[in-house]
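FYI, the numbering used here numbers position 221 of the sequence shown as 221, with every residue one higher than the one before it.
Yeah, the Cβ is synthetic: ideal placement off N, Cα and C, and Gly gets one too.
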Amino acid sequence: MISVNSVTVSFGGFNLFDNISFLINSKDRIGLAGKNGAGKSTMLKLIAGEENPTKGDISTPRDITIGYLPQDMIHQHGRTVFEETETAFAEIQKLEVKLENINHQLETRTDYESESYMRLIEEQTDIYTRLDMIGAGSKNEEIEKILKGLGFARKDFDRQTAEFSGGWRMRIELAKILLQKPHILLLDEPTNHLDIEAIIWLEEFMETFSGAVMLISHDKTFLDNVTQRTIEIVNGKTYDYKTNYSRYLELRQERIEQQENAAKNQQKIINQTEVLIDKYRAKASKASFAQSLIKKLDRMEKVEVDDLDTSVMRFRFPQPAHSGKIVLTVEDAGKKYGDKRIFSDARFIITKGEKIGLVGRNGEGKSTMMKMIAKKVDHEGTVQLGHSVLPGYFEQDQEEKLDPKKTVFETIDELAVGEVRKQVRGLLGSFLFGGEDIDKKVQVLSGGERGRLALCKLLLEPYNLLLMDEPTNHLDIRSKEVLKSAIQDYEGTVIMVSHDRDFMKGICHRLFEFRDGHVREHLCDIEEFMQLRKVERLNELDLDKKANKQEALGSVQQKVAEQKPVVDKTNDAEKKQLLSKLKKTEEAIEKLELEIKLADEKLADQANYEKLMNDQVFFYQLLKAKASTGGRINKMGRSFQFVKFVISNATYTFE
1 MISVNSVTVS
11 FGGFNLFDNI
21 SFLINSKDRI
31 GLAGKNGAGK
41 STMLKLIAGE
51 ENPTKGDIST
61 PRDITIGYLP
71 QDMIHQHGRT
81 VFEETETAFA
91 EIQKLEVKLE
101 NINHQLETRT
111 DYESESYMRL
121 IEEQTDIYTR
131 LDMIGAGSKN
141 EEIEKILKGL
151 GFARKDFDRQ
161 TAEFSGGWRM
171 RIELAKILLQ
181 KPHILLLDEP
191 TNHLDIEAII
201 WLEEFMETFS
211 GAVMLISHDK
221 TFLDNVTQRT
231 IEIVNGKTYD
241 YKTNYSRYLE
251 LRQERIEQQE
261 NAAKNQQKII
271 NQTEVLIDKY
281 RAKASKASFA
291 QSLIKKLDRM
301 EKVEVDDLDT
311 SVMRFRFPQP
321 AHSGKIVLTV
331 EDAGKKYGDK
341 RIFSDARFII
351 TKGEKIGLVG
361 RNGEGKSTMM
371 KMIAKKVDHE
381 GTVQLGHSVL
391 PGYFEQDQEE
401 KLDPKKTVFE
411 TIDELAVGEV
421 RKQVRGLLGS
431 FLFGGEDIDK
441 KVQVLSGGER
451 GRLALCKLLL
461 EPYNLLLMDE
471 PTNHLDIRSK
481 EVLKSAIQDY
491 EGTVIMVSHD
501 RDFMKGICHR
511 LFEFRDGHVR
521 EHLCDIEEFM
531 QLRKVERLNE
541 LDLDKKANKQ
551 EALGSVQQKV
561 AEQKPVVDKT
571 NDAEKKQLLS
581 KLKKTEEAIE
591 KLELEIKLAD
601 EKLADQANYE
611 KLMNDQVFFY
621 QLLKAKASTG
631 GRINKMGRSF
641 QFVKFVISNA
651 TYTFE
């Protein structure tokens with residue numbers, strides 16, 4: 001579908017990509033892998049047409065549409081959430097305006113026999129057909145389904161986009177892209193601002209998405225669930241693996257080992273050859289032989305071992321200060337912002353050494369609870385820290401609160417006290433800030449670097465309670481693994497919020513779910529919790545289906561009752577007759593549902609679909625012609641009163 005042909009991208013004499021090529025096929029699910037700075041985001045921009053390669057080209061068929069979600073983008077204001085999302089249907093909106101104009105002309109003109117009038121009818125038919133094909137009739141339902149899947153409540157639809165945070169506005173942009181149903185989706189860190197339920201919904205959406213997907217993500221579970229092909233970018237080259245992320249890691253390790261073995265064997269040959277050259281170079285009778293060996297070495301293509309970035313954070317949280325057995329007591333706690341109630345009546349106790357996870361959809365109060373524990377906001381009820389509890393708080397936007405004008409060293413040095421101050425350089429080194437990096441201004445750091453610097457601040461004091469709100473944002477997969485290991489080894493108490501299922505796995509064995517204004521305790525890990533939520537979600541869907549079916553049956557029962565408004569309750573014969581009629585009606589409904597299912601399966605076949613649409617267009621044209629000529633069809637100067645034609649193997653006639 002899309003072909004990347006011998007692409008080279010250079011910056012100041014440095015080749016980010018060097019003559020790389022690959023194909024994106026129509027059903028591919030591709031994850032881009034590689035260290036930070038390898039060029040993953042640049043590759044998406046090239047395919048999206050946002051940037052141009054230095055050499056080579058990217059071939060995209062003219063009729064292919066691309067949906068691109070970058071990490072950072074400019075958001076539009078002045079519309080409600082629904083109105084902004086509706087802009088995704090630009091084609092529908094244009095066609096509807098055009099159709100309105102045509103309908104007005106058809107109503108006001110009287111030259112029914114003219115060619116221009118007939119052309120208007122044909123154009124009207126074409127527009128109706130196109131609108132039907134792209135789902136204009138179900139536009140509002142599609143918008144609602146996508147927005148609700150991404151975490152918006154129905155009451156949010158009429159709110160202005162400016163009222164939402166950057167993360168929620170990013171969801172609106174994602175909704176617009178998904179609604180456009182492009183042939184290929186290019187997604188750069190799409191899960192950064194999604195809660196767990198929205199991520200799972202997006203995974204399920206990807207299962208049924210008919211186009212190709214290429215994405216970048218630091219969410220290992222999301223990559224494994226969505227992708228079946230991994231393209232690694234390393235040292236300006238690409239390696240293509242027909243598998244998901246976890247299997248790719250295994251295959252990559254095998255590749256590196258093969259390269260290292262080949263390089264060792266080649267070096268042995270080189271060493272042996274050089275010994276022979278030194279041995280025979282001085283002898284006149286062997287000089288030509290020595291020269292041939294030298295030429296052989298010059299022609300030898302050196303085996304390269306890919307230079308993987310193996311640098312990773314290495315740290316442990318300091319031994320926590322002693323505290324009482326009860327770390328936190330929450331009784332009848334709640335929070336309101338103005339008239340908006342976030343949650344109420346929260347009650348729980350956390351004891352020393354526990355690892356607690358706060359889960360639930362965005363906006364339900366998880367971060368608010370963390371701020372309440374850290375004494376950052378006022379609240380209802382009691383939120384009481386235990387004896388000698390010293391909390392360390394990592395806020396969700398912690399990296400954004402760093403002073404951009406200070407250097408890396410100054411940021412940590414000014415907070416360090418006592419013995420820790422003597423170890424600032426070593427501490428920064430463990431977070432990959434070595435050499436000249438410690439003199440960089442915070443404002444020039446990447447998101448991942450700022451995240452590591454913010455984490456470093458938690459090691460400056462012996463906290464015995466860590467409050468961690470989305471600590472993995474902007475961290476790469478290896479850095480997440482190091483942080484996860486450090487938390488697992490930490491002897492103090494941890495309360496954390498995270499949308500990364502793989503990160504939470506093995507850490508939290510007690511969860512508090514924030515949902516619909518209440519806080520509910522779950523004595524399980526994240527995997528069991530997600531299974532529970534999946535079952536609940538399926539049950540909700542099943543209840544919806546049953547409710548719809550019950551409504552339909554109720555309508556049928558009402559019609560039956562209307563047909564026989566007066567029923568003698570003592571008349572068993574009439575009762576049996578009505579019950580029999582109701583049973584037959586139910587069977588008819590089931591039969592129709594089966595026919596609909598079979599029709600849907602037929603329509604899924606592209607050939608059948610195209611044939612049906614062609615027949616439908618012809619049928620519409622005939623009906624329009626009949627309406628405009630009073631039952632007569634004019635064609636090439638001849639008049640036909642009786643027409644017989646075939647559509648989908650069925651014969652139709654009209655006069």
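So who's on the other strand from Lys335, going by DSSP bridges? As a working note, residue 335 is residue 335 in the sequence shown. The partner list for Lys335 (beta bridge, DSSP) reads Phe343.
Count Cβ pairs between the segment 210 to 230 and the segment 176 to 193 that sit closer than 8 angstroms; are there 3 or more? yes
Under three-state DSSP, which class holds Glu115? By 1-based counting over the sequence shown, the position of residue 115 is 115. Of the three classes helix, strand and coil, the one that applies to Glu115 here is helix, per DSSP.
List the DSSP bridge partners of Phe14. Numbered from 1 along the sequence shown, position 14 holds the residue referred to as residue 14. BP columns for Phe14 point to Phe11.
Helix, strand or coil: which one does DSSP assign to Gly31? If you number the sequence shown from 1, residue 31 lands on position 31. Judged by DSSP in its simplified three-state form, Gly31 adopts strand.
Rounded C-beta distance between Tyr393 and Ala416? I'm assuming under 8 angstroms. Within the sequence shown, residue 393 is the residue found at index 393, counting from 1. Within the sequence shown, residue 416 is the residue found at index 416, counting from 1. Here Tyr393 is actually not in contact with Ala416; their C-beta atoms are around 17 angstroms apart, not less than 8 angstroms.
Quick check: what's the CA-CA separation for Glu364 versus Ile342? Taking the first residue of the sequence shown as position 1, residue 364 is located at position 364. Taking the first residue of the sequence shown as position 1, residue 342 is located at position 342. Taking the CA atoms as reference points, Glu364 sits about 6 angstroms from Ile342.
From the DSSP output, in three-state form, read off Leu467 for me. Against the sequence shown, residue 467 aligns to sequence position 467. If DSSP states are grouped into helix, strand and coil, Leu467 belongs with the strands.
Can Ile127 and Glu86 be called in contact, C-beta distance under 8 angstroms? Here residue 127 refers to the residue found at position 127 of the sequence shown. Here residue 86 refers to the residue found at position 86 of the sequence shown. It is not a contact, given that the beta carbons lie outside the stated cut-off.
Of all the options Ile326, Ile172, Leu131 and Arg314, which has the alpha carbon lying nearest to the alpha carbon of Cys456? The residue given as residue 456 occupies position 456 in the sequence shown. For the residues Ile326, Ile172, Leu131 and Arg314, the minimum Cα distance to Cys456 belongs to Arg314.
Rounded C-beta distance between Val408 and Asp437? I'm assuming under 8 angstroms. The residue you call residue 408 lines up with position 408 of the sequence shown. The residue you call residue 437 lines up with position 437 of the sequence shown. That belief holds up - the Cβ atoms of Val408 and Asp437 are roughly 6 angstroms apart, short of 8 angstroms.
Going straight from the alpha carbon of Lys268 to that of Glu274, what length do you get? Numbered from its first residue, the sequence shown carries residue 268 at position 268. Numbered from its first residue, the sequence shown carries residue 274 at position 274. Per the coordinates, the alpha-carbon of Lys268 lies some 10 angstroms from the alpha-carbon of Glu274.
Is His104 helix, strand or coil by DSSP? Counting from one through the sequence shown, the residue named residue 104 turns up at place 104. Reduced to three states, the DSSP call for His104 is helix.
Rounded straight-line distance, which links the Cα of Lys220 to that of Leu99: Position 99 of the sequence shown, counted from the first residue, corresponds to residue 99. Position 220 of the sequence shown, counted from the first residue, corresponds to residue 220. So the alpha carbons of these two residues sit roughly 47 angstroms apart.
Using only alpha-carbon positions, find the residue among His509, Ile146 and Leu328 that is nearest to Leu385. Taking the first residue of the sequence shown as 1, we reach residue 385 at position 385. With distances taken between CA atoms, Leu385 lies nearest to Leu328 out of His509, Ile146 and Leu328.
Thr161, buried or exposed, once every other Cβ within 10 Å from all chains shown has been counted against 16: For the purposes of this step, residue 161 is taken as residue 161 along the sequence shown, with counting starting at 1. Buried, since its Cβ has 16 or more Cβ neighbours within 10 Å.
Locate the alpha helix (DSSP H) running through Ile199, then write down its first and last residues. Counting from 1 along the sequence shown, the entry for residue 199 is found at position 199. Element bounds for Ile199: Ile196 to Thr208.
Quick one: measure Cβ to Cβ for Thr368 and Val377, integer angstroms, because I've assumed they're closer than 8 angstroms. Residue numbering aside, residue 368 sits at position 368 when the sequence shown is read from its first letter. Residue numbering aside, residue 377 sits at position 377 when the sequence shown is read from its first letter. The pair is a contact, with the Cβ atoms about 7 angstroms apart (cut-off 8 angstroms).
Only counting runs of 4 or more residues, tell me where the alpha helix (DSSP H) segments fall wholly within the segment 368 to 418, in order along the chain. Qualifying alpha helix (DSSP H) stretches, in chain order: 408 to 413.
Would you call the CB atoms of Ser138 and Val312 closer than 8 angstroms? Within the sequence shown, numbered from 1, the residue matching residue 138 stands at position 138. Within the sequence shown, numbered from 1, the residue matching residue 312 stands at position 312. No, they are not a contact pair.
What does DSSP give as the partner residue(s) for Ala212 in the beta ladder? The sequence position of residue 212 within the sequence shown is 212, counting from 1. In the DSSP output, where bridge partners are listed per residue, Ala212 has Ile184.
How close, in whole Å, do the beta carbons of Gln71 and Glu84 come, if the pair is a contact with beta carbons under 8 angstroms? Reading the sequence shown from its first residue, position 71 is the one you call residue 71. Reading the sequence shown from its first residue, position 84 is the one you call residue 84. With a Cβ gap of about 20 angstroms, Gln71 and Glu84 do not count as contacting.
Where do the ends of the beta strand (DSSP E) carrying Gly37 lie? Position 37 of the sequence shown, counted from the first residue, corresponds to residue 37. It is not in any beta strand (DSSP E) - Gly37 carries neither H nor E in the DSSP assignment.
Does the pairing of the segment 438 to 446 with the segment 293 to 302 give three or more beta-carbon distances under 8 angstroms? no
Taking Lys332 and Arg347 to be in contact with their CB atoms under 8 angstroms, please state how far apart those CB atoms are, rounded to whole angstroms. What you label residue 332 is simply residue 332 of the sequence shown in a count that begins at 1. What you label residue 347 is simply residue 347 of the sequence shown in a count that begins at 1. The residue you asked about is not Lys; residue 332 is Asp in the sequence shown. Indeed, because the Cβ distance is near 7 angstroms, the residues count as touching under 8 angstroms.
What residue range is occupied by the uninterrupted alpha helix (DSSP H) comprising Ser288? Mapped onto the sequence shown, residue 288 falls at position 288. Its alpha helix (DSSP H) spans residues Ala287 to Arg299.
Can you tell me where the alpha helix (DSSP H) holding Thr85 begins and where it ends? As a first step, residue 85 is located in the sequence shown; it is residue number 85 there, counting from the start. For Thr85, the uninterrupted alpha helix (DSSP H) run begins and ends at Val81 to Glu86, by DSSP.
Can the beta-carbon of Asn36 be found closer than 8 angstroms to that of Asp500? Locating residue 36 in the sequence shown gives position 36, counting from the first residue. Locating residue 500 in the sequence shown gives position 500, counting from the first residue. Contact: no.
If you compare alpha carbons, which of Met1, Ile2 and Ile20 is closest to Thr8? Sequence index remark: in the sequence shown, residue 8 carries index 8 (1-based). The candidate whose alpha carbon is nearest that of Thr8 is Ile20.
Starting from the Cα of Phe17, find the closest Cα among Asp469, Pro318, Asn265 and Ile233 and give me that residue. The residue labelled residue 17 in the question sits at position 17 within the sequence shown. Closest option to Phe17, Cα to Cα, is Ile233.
Using the three-state DSSP reduction, which class does Asp63 fall into: helix, strand or coil? Counting from one through the sequence shown, the residue named residue 63 turns up at place 63. Coil, per DSSP.
Specify the secondary structure class of Asp224 as computed by DSSP and reduced to three states. Residue mapping note: residue 224 aligns to position 224 of the sequence shown, counting from 1. Helix at Asp224.
Using a 10 Å radius around the Cβ and a threshold of 16 neighbouring Cβ atoms, would you call Glu141 buried or exposed? Position 141 of the sequence shown, counting from 1, holds the residue named residue 141. Residue burial is scored here from C-beta neighbours: Glu141 has fewer than 16 other C-beta atoms within 10 angstroms and is therefore classed as exposed.
Taking three-plus beta-carbon pairs below 8 angstroms as touching, is the segment 221 to 228 in contact with the segment 189 to 209? yes
Pairwise C-alpha distance: Glu96 and Gly637: As a first step, residue 637 is located in the sequence shown; it is residue number 637 there, counting from the start. As a first step, residue 96 is located in the sequence shown; it is residue number 96 there, counting from the start. Any reading at Gly637 is ruled out, since the residue's pLDDT is 39, under 50, leaving its predicted position unreliable.
Run the CB neighbour count on Gly31, radius 10 Å, all protein chains shown included, and call it buried at 16 or more, exposed below. By 1-based counting over the sequence shown, the position of residue 31 is 31. When all chains shown are included, Gly31 counts as buried.
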